[in-house]
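Protein chains in written order, with this note's numbering: chain B, 1 to 338; chain D, 339 to 676; chain R, 677 to 1014; chain U, 1015 to 1352.
Glycine included, every Cβ here is placed at the ideal spot set by N, Cα and C.
Everything below concerns the one structure shown next.
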């Protein structure tokens, strides 16, 4: 029985607690939150749970094996660092930290203390994203040409982070997992329309090896909610629309073929291939449930985190570079190590 | 009765001829095309029409008042120049020319010879785009925050121009007309996935005055055809989907309001406004028919071309800068005169 | 503080309990269910709640003011009768009873004992349906021509009732509420494709006064889920699609006008009117919450139930006649009192 | 070279002429129309074509091998009869005739004179409908449970026929072709909302052998245009949406399986099967072109008409019975010979 403490009981915290309450397997025994109203809500929803204003109480509690840090990004580092120093395994909300230096420090701490450090990139644990990885990694799509995502809606404005850190973060995790590719360079353009607020519209481009391009369009001021991702390959193409109740994933057997020996100058060099579309039935499973199970298995040493500190760091590094690029009108920055 | 000659009888030429055959008003009396098969097709479809392989025959024909140049972009300048020098009014296919210098030369020629020079940016003559201009110019949308367009499909690859010149050209004309704004700077990113072919995926960003941003996503390798444009304003927002059989234009009374005096630190500074959606009924009219009528009225001196040489030049200038920026990984270039 | 007992804790029961737990207003103090697993679930989800296998325990409990009967339809009558005889107010799941005689008996009992008898036709308490009633009753739609509903999906097959009792029941309640009209006659056609199972595909028609027709298409064997209702009026028309995340209700300013004096024989007598479409923003509110509040207000004597016993009876009567008609290949039956 | 005459040059006539003008194969040499304006239009669009007010001129012309009758339904019989008596092959617009007696008479005449009699049920020649027939006839869908069609739009009102004859006629042809089944009985319900006009809303049900049911919902007063057909089988299900630009046909591997030996009383007897969806790419071909080619091949004795007189008669017979049923509130009528 693995015992969990949860720091932060806002929007996402209750889902964390619910999913880690697995009879005979794990249990959330304590919740900390600065806001007394949230603590009262936790006590009401989860009778018997211990509540406290001090996160330290969780770190100091020897009965607790692991903590989930479900707070705004600005407190991730301080809390995760303290938890790791106290010998706890850590699951931290995404984005992992505010800076790549902080992320590096957490990775180093976790390594030194032999603790699991996992980032809550929940999307990676959805059946649709896992299916996309299979389709790409098996070669069914052929060479990947582009990843193109539209992720827009009305709000919610964040006080402290721009729209890239709030929305593009999902695409960066999906890209890292599905394509297994590291960017060569990062470029972004963005604008703030509300004085004193961070950028609310942004366009992020990643240059990937082999002429693969990734582009992410995020917007907090759109009239409707859209979540639509295209992955184009030389053999097949995917449209992923996570808002569809069914048929979230459509796979198109379409593309172009090149005509090596055109007989005349006027003859087109490129022919189109229009094949069938296929929407696999993807049984529903709650992603957070899969993720909680995976975190427990990692603590028990049976698995390596899919969304480990290193992945969390790569995502933060891109967000950092993108923000820097955005402040310089799209100036591209090389990705370190690329 | 205004007499017209048409140079080029490929995909679009027959539509030009059909629309300029207005009994008692104008008539296409001659067509030139290098391809004998196209000439035969013209003769069959429009009995009595004169056909020739030589465009010069049209320019030299004193009975012809105006010519429509409906050829690939690489021949626009040479043909339009010759027609203007021969004293003809000119309607030229978009994009106007291959370079801005060529466009400037045509404008200068038309001015000197007092001839009408119009570019066939057909979209400007669609009822939906005209309605968008009214909505923006009347202030109904408030301050414009962004223009965001997705214009993708499978093919058709062009041999000589990249995807920006083929698809983004539509958005540049719409932007120029609807927003009446000139860009401060232009940036683009793009990739070619077919060796020896021009870029087939591209992302174009325009920095406009007042923190307005325009972004255009064009792609020749998409599995499905999408034509979707969002215009976000401080008061209202538009979604324009030209592929919808009806309800092409949806206007959303949505946005954010700022809370100047938050009572507590935790209180959000921004409130959302979720109002009704409204889709005006837009009666169908063939855009090219409206455009043909407008061209005739300009020849008669009763109107000024909406899509005159100056507008054609602005579009070409952006395409030039965008192509340059694309070859330098998105380096932004200032728009001349901005 | 009104005290509630809930009979049945299956799929819908937990929602009933949650919504009637209004601090300072009402509270569910006891739940009965024959299944020990469901009782355990109730005890876990609602700590402190009393659980019992015997519904009678609730009826006999003098602390309980009202009971909610959330069981399969075959037990509605027996349970509701016992509750009313015990002096409880009753909220009963839809359809109200298995027969109209049973419904009449419950109405009579409730009247005699001065108790509130309400049927849980939840749809009536959704903002979209209430807006439809306003649109119809205000005359904005003009004379109502038709109500046409498509309500199909894969399963769930019921053992004891046919697809009309499971799906068409929603349309019958909406029709009764929105149109305020009583049918003149009822006709239905249906088929069973699974030996030994009740009809899984059915088409129900209601003849209403003034040449209004209502038609309901229900199907348990459809590949996709559809919930789409059209209401056609002489002035405007509605499309209601409850599965849309937003824009559930679209109002079309469309129809025909008659030309009284055609000048020629060939001239059409009917002109089409194609106006705008308008989708009012309908703020989300949980219907069951509105309904619970309404039930309490009725108990306190401040309101009359919108979905009272008489309405529940009308719905059951139509379902009875429709089932009878279905077994006679669509033979229409007059609606009593019509 | 087969020579064709066309009677009627209204909405559909020009398409007939265009498709029968196949160089070296067939040619439309004459058109008749009562309206001088239509004759002028024919002469303009098809230079060299002979025009006349008298259909008889076509029948009497020995150069003409076959006539296409493209007039309102009320004149089909008289014109087709005269053409057959004059020894012409006949392609007649759908519905074939106003009465089944007329259809029988035409069949008998064509047989006696050894002439081809074909009805222009164009849908049968679309690639999507032909694919549906293959899917059904190959057994891929399993046993057919139902055919369910929604075919609605705003207008056009017909003066002389009700909405069944105008819209349901398409479904009756598709049903006849795709399912190859003859109805046992016919029932319909319908209403007219415009005084003096035929029924504008109607619901048609066909009882087919083996508990298959067909249902067709047609409406001239709907705010939007819908063309959606479901075919449910025991193994797979089809959704056919002819208005989709691509993915017109979707095939769902979904259904139910019966559990023969439920272990407990509570256990459900029916399990759901949720499999993949598949949308075959269906290359576009103009149906009327395929149909024209087929008519010529039938004249040459190489093929039997798919849409012969017997099929036209079956469709007319159902429309007759449905109209009769509609006037008696849905009273079912047996289909002769069933």
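Checklist entry - Which ranges would you report for the beta strand (DSSP E) in the stretch 566-601 of chain D if only whole runs of at least 3 residues count? => result Whole beta strand (DSSP E) segments, 3+ residues: 575-579, 587-596.
Next on the checklist: One question on the structure: do residue 539(D) and residue 524(D) come within less than 9 Å of each other, judged by their Cβ atoms?
Outcome noted: For the purposes of this step, residue 539(D) is taken as the residue at position 201 of the second chain. For the purposes of this step, residue 524(D) is taken as the residue at position 186 of the second chain. It is not a contact, given that the beta carbons lie outside the stated cut-off.
Checklist entry - Under 9 Å between C-beta atoms, does residue 921(R) make it to chain B? => result Taking the first residue of the third chain as 1, we reach residue 921(R) at position 245. Put simply, the CB of residue 921(R) is near chain B, with a gap under 9 Å to one of its CB atoms.
Next on the checklist: Please state the DSSP three-state secondary structure of residue 31(B).
Outcome noted: Position 31 of the first chain holds residue 31(B). If DSSP states are grouped into helix, strand and coil, residue 31(B) belongs with the strands.
Next on the checklist: Short of 7 Å in beta carbon distance, which residues of its chain neighbour residue 181(B), apart from the five on each side in sequence? Order them along the chain.
Outcome noted: As a working mapping, residue 181(B) is identified with position 181 in the first chain. Cβ within range, chain order: 208, 209, 212.
Next on the checklist: Restricting to Cα atoms, I'd like to know which of 813(R), 879(R), 952(R), 805(R) is closest to residue 827(R).
Outcome noted: Your numbering for residue 827(R) matches position 151 in the third chain. Among 813(R), 879(R), 952(R), 805(R), the Cα nearest to that of residue 827(R) belongs to 879(R).
Checklist entry - In chain order, what residues of the stretch 36-49 of chain B put their CB closer than 7 Å to some CB of chain R? => result Cβ contacts with chain R: 47.
Checklist entry - Can you tell me where the beta strand (DSSP E) with residue 1018(U) in it begins and where it stops? => result Looking up residue 1018(U) in the fourth chain gives position 4. Residue 1018(U): member of the beta strand (DSSP E) spanning 1016-1021, first to last residue.
Next on the checklist: For a contact defined as C-beta to C-beta under 8 Å, what are the partners of residue 279(B) on chain U?
Outcome noted: What you label residue 279(B) is simply residue 279 of the first chain in a count that begins at 1. Simply 1290, 1291, 1292, 1293.
Checklist entry - Expressed to the nearest angstrom, what Euclidean distance is found between the alpha-carbon atoms of residue 800(R) and residue 779(R)? => result Your numbering for residue 800(R) matches position 124 in the third chain. Your numbering for residue 779(R) matches position 103 in the third chain. Cα to Cα, the separation comes out at about 19 Å.
Checklist entry - What are the complete alpha helix (DSSP H) segments, minimum 4 residues, inside the stretch 262-337 of chain B? => result 287-299, 309-326, all fully within the stretch 262-337 of chain B.
Next on the checklist: Here's the rule: buried if 16 or more other CB atoms are within 10 angstroms of the residue's CB, otherwise exposed. What is residue 446(D)?
Outcome noted: Locating residue 446(D) in the second chain gives position 108, counting from the first residue. By the C-beta density criterion, residue 446(D) is exposed, having fewer than 16 other C-beta atoms within 10 angstroms.
Next on the checklist: Does residue 1(B) pass the burial test, meaning 16 or more other C-beta atoms within 10 Å, or should it be called exposed?
Outcome noted: In the first chain, counting from the first residue as 1, residue 1(B) sits at position 1. That one is exposed.
Next on the checklist: I'd like to know if residue 28(B) contacts chain R, where contact means its C-beta is closer than 9 Å to some C-beta of that chain.
Outcome noted: Taking the first residue of the first chain as 1, we reach residue 28(B) at position 28. No, its Cβ sits nowhere closer than 9 Å to a Cβ of chain R.
Checklist entry - How is the beta strand (DSSP E) around residue 826(R) delimited, first residue to last? => result Stepping through the third chain from its first residue, residue 826(R) is reached at position 150. Residues 820-830.
Next on the checklist: Cβ closer than 8 Å: which chain U residues qualify as neighbours of residue 829(R)?
Outcome noted: Walking along the third chain from the start, residue 829(R) turns up at place 153. The premise fails here: residue 829(R) is roughly 10 Å from chain U at the closest Cβ pair, so nothing lies under 8 Å.
Item to check | Of the residues 568(D), 552(D), 613(D), 521(D), the one placed nearest residue 672(D), counting alpha carbons only | outcome: As a working mapping, residue 672(D) is identified with position 334 in the second chain. Distances from the CA of residue 672(D) to each of 568(D), 552(D), 613(D), 521(D) were compared; the closest alpha carbon is that of 521(D).
Item to check | Where residue 460(D) sits in the DSSP three-state scheme | outcome: In the second chain, residue 460(D) corresponds to position 122, counting from 1. Assignment of residue 460(D) by DSSP, reduced to helix, strand and coil, places it in the helix class.
Checklist entry - Does the beta carbon of residue 806(R) come closer than 9 Å to any beta carbon on chain U? => result Locating residue 806(R) in the third chain gives position 130, counting from the first residue. Interface annotation, residue 806(R): not in contact with chain U, CB-CB separation never under 9 Å.
Checklist entry - Taking just the CA atoms, how far does residue 1212(U) sit from residue 1341(U)? => result Indexing the fourth chain from 1 puts residue 1341(U) at position 327. Indexing the fourth chain from 1 puts residue 1212(U) at position 198. Near 11 Å, if we compare the C-alpha coordinates of residue 1212(U) and residue 1341(U).
Checklist entry - chain D beta carbons: is any one of them nearer than 9 Å to that of residue 929(R)? => result Along the third chain, one-based indexing puts residue 929(R) at 253. For residue 929(R), the answer is yes, since a Cβ of chain D falls inside 9 Å of its Cβ.
Checklist entry - Secondary structure at residue 875(R), three-state DSSP: helix, strand or coil? => result Taking the third chain and counting its residues from 1, one reaches residue 875(R) at position 199. It is coil, neither helix nor strand.
Next on the checklist: Between residue 563(D) and chain U, is the shortest Cβ-Cβ distance under 9 Å, so that the two count as touching?
Outcome noted: The count along the second chain starts at 1 and reaches residue 563(D) at position 225. Judged by the 9 Å Cβ criterion, residue 563(D) is in contact with chain U.
Next on the checklist: Given this structure, state the Cα-to-Cα distance separating residue 900(R) from residue 284(B), to the nearest angstrom.
Outcome noted: Position 224 of the third chain, counted from the first residue, corresponds to residue 900(R). Position 284 of the first chain, counted from the first residue, corresponds to residue 284(B). Straight-line Cα distance between these residues: approximately 16 Å.
Item to check | Coil, strand or helix - residue 434(D) by DSSP | outcome: Counting from 1 along the second chain, the entry for residue 434(D) is found at position 96. Coil at residue 434(D), not helix or strand.
Checklist entry - Nearest chain D C-beta to residue 330(B) closer than 9 Å, yes or no? => result Counting from one through the first chain, the residue named residue 330(B) turns up at place 330. Yes, residue 330(B) counts as interfacial toward chain D.
Next on the checklist: So with CB distances below 8 Å, who are the chain R contacts of residue 1071(U)?
Outcome noted: Position 57 of the fourth chain, counting from 1, holds the residue named residue 1071(U). By Cβ distance, chain R contributes nothing, its closest Cβ being about 23 Å from residue 1071(U), past 8 Å.
Checklist entry - Mind checking whether residue 67(B) and residue 95(B) have CB atoms under 9 Å apart? => result Residue 67(B) sits at position 67 when you count from the first residue of the first chain. Residue 95(B) sits at position 95 when you count from the first residue of the first chain. No. Outside cutoff.
Item to check | Min CB distance residue 959(R) to chain D below 9 Å | outcome: The residue you call residue 959(R) lines up with position 283 of the third chain. For residue 959(R), the answer is yes, since a Cβ of chain D falls inside 9 Å of its Cβ.
Item to check | residue 1247(U) beta carbon less than 9 Å from that of residue 1155(U) | outcome: For the purposes of this step, residue 1155(U) is taken as residue 141 along the fourth chain, with counting starting at 1. For the purposes of this step, residue 1247(U) is taken as residue 233 along the fourth chain, with counting starting at 1. It is a contact, given that the beta carbons lie within the stated cut-off.
Checklist entry - From what residue to what residue does the alpha helix (DSSP H) around residue 60(B) run? => result As a working note, residue 60(B) is residue 60 in the first chain. Going by DSSP, residue 60(B) is part of the alpha helix (DSSP H) stretching over 55-60.
Item to check | Limits of the alpha helix (DSSP H) - the one that residue 420(D) falls within | outcome: Stepping through the second chain from its first residue, residue 420(D) is reached at position 82. It spans 414-423 - the alpha helix (DSSP H) in which residue 420(D) sits, taken as one unbroken run.
Checklist entry - Pick from 812(R), 681(R), 788(R): whose alpha carbon is nearest that of residue 755(R)? => result On the third chain, residue 755(R) is found 79 positions in, with the first residue counted as 1. Relative to the Cα of residue 755(R), the nearest Cα in the group 812(R), 681(R), 788(R) belongs to 681(R).
Next on the checklist: Run through the DSSP bridge pairs and tell me what residue 1066(U) is partnered with.
Outcome noted: Sequence index remark: in the fourth chain, residue 1066(U) carries index 52 (1-based). Its beta-bridge partners are 1046(U).
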